[in-house]
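Engineer: One structure, pasted below without further comment.
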Amino acid sequence: MAKVLIIGAGGVGSVVAHKCAMNAGVFTDIMLASRTKAKCDKIAAEIREMHGVEIKTAQVDADIVAEMVMLIKQFQPVLVINVALPYQDLPIMDACLETKVHYLDTANYEPKDVAKFEYSWQWAYQERFKEAGIMALLGCGFDPGATQVFTAYAAKHQFDEMHYLDIIDCNAGNHGKAFATNFNPEINIREITQPGRYWENGEWIEIEPMSVHKPIEYPGIGPKESYVLYHEELESLVKNFPTLKRARFWMTFGQQYITHLQVLENVGMTSIKPIKFQGLDIVPLEFLKAVLPAPDTLGENYTGQTSIGCQIRGVKDGQEKTYFIWNNCDHAETYKEVRGQAVSYTTGVPAMIGAMLMLKGVWMKPGVWNCEEMDPDPFIEQMNRQGLPVQDQVNQTLSVEQ
Numbered sequence: 034m035a036k037v038l039i040i041g042a043g044g045v046g047s048v049v050a051h052k053c054a055m056n057a058g059v060f061t062d063i064m065l066a067s068r069t070k071a072k073c074d075k076i077a078a079e080i081r082e083m084h085g086v087e088i089k090t091a092q093v094d095a096d097i098v099a100e101m102v103m104l105i106k107q108f109q110p111v112l113v114i115n116v117a118l119p120y121q122d123l124p125i126m127d128a129c130l131e132t133k134v135h136y137l138d139t140a141n142y143e144p145k146d147v148a149k150f151e152y153s154w155q156w157a158y159q160e161r162f163k164e165a166g167i168m169a170l171l172g173c174g175f176d177p178g179a180t181q182v183f184t185a186y187a188a189k190h191q192f193d194e195m196h197y198l199d200i201i202d203c204n205a206g207n208h209g210k211a212f213a214t215n216f217n218p219e220i221n222i223r224e225i226t227q228p229g230r231y232w233e234n235g236e237w238i239e240i241e242p243m244s245v246h247k248p249i250e251y252p253g254i255g256p257k258e259s260y261v262l263y264h265e266e267l268e269s270l271v272k273n274f275p276t277l278k279r280a281r282f283w284m285t286f287g288q289q290y291i292t293h294l295q296v297l298e299n300v301g302m303t304s305i306k307p308i309k310f311q312g313l314d315i316v317p318l319e320f321l322k323a324v325l326p327a328p329d330t331l332g333e334n335y336t337g338q339t340s341i342g343c344q345i346r347g348v349k350d351g352q353e354k355t356y357f358i359w360n361n362c363d364h365a366e367t368y369k370e371v372r373g374q375a376v377s378y379t380t381g382v383p384a385m386i387g388a389m390l391m392l393k394g395v396w397m398k399p400g401v402w403n404c405e406e407m408d409p410d411p412f413i414e415q416m417n418r419q420g421l422p423v424q425d426q427v428n429q430t431l432s433v434e435q
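Note that our numbering numbers the sequence shown so that position 58 is 91, with each residue one more than the last.
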């Protein structure tokens with residue numbers, strides 16, 4: 034049906050490439066490109082061996098618009114799937130604008146020199162993408178991404194008004210490492226060391242990092258200590274669902290992880306300010322990233338599950354109602370299928386689904402959009418087909434409120 038160019042060959046990029054190859058009727062010609070072509074070649078060899086599908090590979094520096102434009106013109110894809118670093122969102126969007134090619138990413142833009150992420154930079158592209166007749170789909174991973182689809186699905190099928198939204202994210206897996214992050218260490222640590230925020234009564238409430246926490250019961254897993262973070266999908270959800278009185282995002286962290294992180298923070302290793310070392314400018318967090326296990330190496334022997342969902346309270350036909358919609362994903366099963374761990378899988382599969390719906394014309398309109406602005410039903414249908422089965426409960430006590 035269409036050519037697709039995937040940018041980024043980390044854990045998520047690998048999953049996206051595998052799942053696109055497994056849906057070759059839609060993704061008829063696939064190219065995987067990153068700064069390090071050898072990583073792409075390794076993934077291509079796995080895909081050839083496991084799925085019998087040939088994909089192309091290329092080297093590109095996604096920070097450089099001219100390089101991206103040249104590669105796009107050479108390969109001529111219909112869509113670029115950006116699973117590189119969030120710093121590279123804007124250069125890749127610029128390249129798509131110049132070449133009039135559709136765009137999809139899984140995380141919103143943040144500047145490299147400031148630990149801050151928001152949609153304003155990408156929403157500013159709305160009119161230019163409309164005028165060019167191309168679509169940009171933002172944040173189409175799991176959270177953001179599937180969690181927004183879950184919220185839209187609840188709004189469409191379960192509520193007249195949604196009042197309270199809690200997104201809960203648990204990784205109860207064990208990779209056997211003393212300390213490792215399940216996605217890019219630099220992005221992960223920047224995210225959780227900045228102040229938390231949640232939406233309440235029409236304004237953002239800011240809190241100290243990791244200062245609000247409680248045990249939450251996760252289906253099939255049990256209670257896990259969960260912490261309020263600021264997460265990007267909250268920004269678009271409170272905009273698109275203005276009846277929300279409160280919206281929060283919770284994520285689990287084990288005590289060992291928190292202890293390591295506190296020590297690293299105390300000794301300055303999570304700083305993004307360059308320091309001089311032997312005459313060189315070194316960013317401590319970038320150095321830490323280099324010595325930590327790469328997320329795409331964690332899959333083998335990883336056990337346990339992830340559980341991510343939305344717990345919502347609101348009103349239907351004048352009566353108060355609760356709704357919980359979620360997915361559980363098994364690390365060992367995802368490794369068998371695509372040689373990846375579940376955190377990469379739960380991000381990569383929704384990216385492939387979003388791309389599929391765009392290419393089929395099901396989710397296609399010029400401009401810049403978030404996932405909850407699309408029809409949620411075909412996305413949920415594909416989650417059930419593509420390895421992320423969706424479960425839900427109506428009018429049960431919400432564990433986040435216990």
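Backbone N, C-alpha and C fix where the C-beta goes; we use that ideal spot for every residue, glycine too.
Mapping DSSP to helix, strand and coil, what is His246?
Structural biologist: His246 falls in the strand class under three-state DSSP.
Engineer: Could you check the C-alpha separation between Gly229 and His84 for me, to the nearest Å?
Structural biologist: Computed Cα separation, rounded: 42 Å.
Engineer: Determine contact between the region 54-71 and the region 394-401, defined as no fewer than three beta-carbon pairs at a distance below 8 Å.
Structural biologist: With the cut-off at 8 Å, the region 54-71 and the region 394-401 do not touch.
Engineer: Just the C-alpha distance for Asn234 and Phe282, rounded to the nearest angstrom, thanks.
Structural biologist: Distance between the alpha carbons of Asn234 and Phe282: 16 Å.
Engineer: Under the assumption that Phe60 contacts Ala77 (Cβ atoms under 8 Å), give the Cβ distance between them as a whole number of angstroms.
Structural biologist: No, Phe60 and Ala77 are not in contact; Cβ-Cβ is about 14 Å, not under 8 Å.
Engineer: What's the gap between the Cα of Ile341 and the Cα of Ala95?
Structural biologist: Answer to the nearest angstrom: the Cα atoms are 30 Å apart.
Engineer: Is Val427 buried or exposed, if buried means 16 or more other CB atoms sit within 10 Å of its CB?
Structural biologist: Label assigned to Val427: exposed.
Engineer: Using the C-alpha atoms, what's the distance from Gln227 back to Glu266?
Structural biologist: Rounded to whole angstroms, Glu266 to Gln227 spans 16 Å at the Cα level.
Engineer: State the start and end residues of the unbroken alpha helix (DSSP H) segment that holds Gly44.
Structural biologist: Note, Gly44: alpha helix (DSSP H), 44-54.
Engineer: I need the boundaries of the beta strand (DSSP E) containing Ala35, first residue and last residue.
Structural biologist: From DSSP, the beta strand (DSSP E) with Ala35 extends over 35-40.
Engineer: Going by DSSP in three states, Arg81 sits in which element: helix, strand or coil?
Structural biologist: In the structure shown, Arg81 sits in a helix (DSSP, three-state: H, G or I).
Engineer: Skipping 5 residues on each side, what residues in its chain have a beta carbon closer than 7 Å to that of Glu333?
Structural biologist: Taken in chain order, the residues that qualify are Tyr368.
Engineer: Just confirm the distance between the C-beta atoms of Val395 and Gly420, as a whole number of angstroms; I'd bet it's less than 8 Å.
Structural biologist: Not confirmed; about 19 Å, so no contact.
Engineer: Terminal residues of the continuous alpha helix (DSSP H) containing Ala185?
Structural biologist: Note, Ala185: alpha helix (DSSP H), 179-190.
Engineer: Go through its chain and collect everything with a Cβ distance to Met391's Cβ below 8 Å, but skip five positions before and after it.
Structural biologist: Answer for Met391: Leu112, His135, Leu137, Met168, Leu170, Met397, listed in chain order.
Engineer: Among the residues of its own chain, which have a CB less than 7 Å from the CB of Arg81, if the five just before and after it don't count?
Structural biologist: Same-chain partners within the cutoff: Glu87.
Engineer: Does the beta-carbon of Lys257 have 16 or more other beta-carbons within 10 angstroms, so that it is buried, or is it exposed?
Structural biologist: It is buried - the Cβ of Lys257 has at least 16 other Cβ atoms within 10 Å.
Engineer: Under a Cβ-count criterion, where at least 16 other Cβ atoms within 10 Å of its own Cβ denotes burial, should Arg372 be classed as buried or exposed?
Structural biologist: So Arg372 counts as buried.
Engineer: Nearest to Thr456 by alpha carbon, out of Gln344, Lys393, Gly387?
Structural biologist: In the structure as shown, the chain starts at 34 and stops at 435, and residue 456 therefore has no counterpart that could be examined.
Engineer: Taking DSSP as the reference, what is the three-state secondary structure of Trp396?
Structural biologist: Three-state result, Trp396: coil.
Engineer: Helix, strand or coil: how does DSSP classify Ile315 here?
Structural biologist: Strand, per DSSP.
Engineer: Whole angstroms are fine: how far does the CA of Ala185 sit from the CA of Asp410?
Structural biologist: Whole-angstrom Cα-Cα distance: 9 Å.
Engineer: Select from Tyr152, Met101, Ala117 the residue whose C-alpha is nearest the C-alpha of Lys133.
Structural biologist: Cα-wise, what sits closest to Lys133 is Met101.
Engineer: How many Å lie between Asp122 and Gly351 at the Cα?
Structural biologist: When rounded, the distance between both Cα atoms is 43 Å.
Engineer: Between which two residues does the alpha helix (DSSP H) holding Cys129 run?
Structural biologist: It spans 122-132 - the alpha helix (DSSP H) in which Cys129 sits, taken as one unbroken run.
Engineer: Give me the Cα-Cα distance between Gly337 and Gly206, rounded to the nearest whole angstrom.
Structural biologist: Approximately 4 Å between the Cα atoms of the pair.
Engineer: What is the C-beta distance between Ile39 and Val49, in whole angstroms, given that I count them as a contact (C-beta under 8 Å)?
Structural biologist: The Cβ separation is near 5 Å, so the contact holds.
Engineer: Which residue or residues does DSSP assign as beta-bridge partners of Leu112?
Structural biologist: DSSP, once it has assigned bridges, lists Val37, His135 as partnering Leu112.
Engineer: When burial is assigned at 16 or more other CB atoms within 10 Å of the CB, is Tyr155 buried or exposed?
Structural biologist: The amino acid occupying residue 155 in the given sequence is Gln; Tyr does not appear at that position. So Gln155 ends up on the buried side.
Engineer: Please confirm if the region 245-254 is in contact with the region 172-187, defined as three or more CB-CB distances below 8 Å between the two stretches.
Structural biologist: Result no; under three Cβ-Cβ pairs closer than 8 Å.
Engineer: Whose C-beta lies closer than 8 Å to the C-beta of Ile240 among residues of the same chain, with five residues either side of it excluded?
Structural biologist: Result list for Ile240: Pro228, Gly229, Arg230, Tyr231, Val261, in chain order.
Engineer: What's the call for Val300, buried or exposed, on a 16-neighbour Cβ count within 10 Å?
Structural biologist: Exposed: under 16 other Cβ atoms inside 10 Å.
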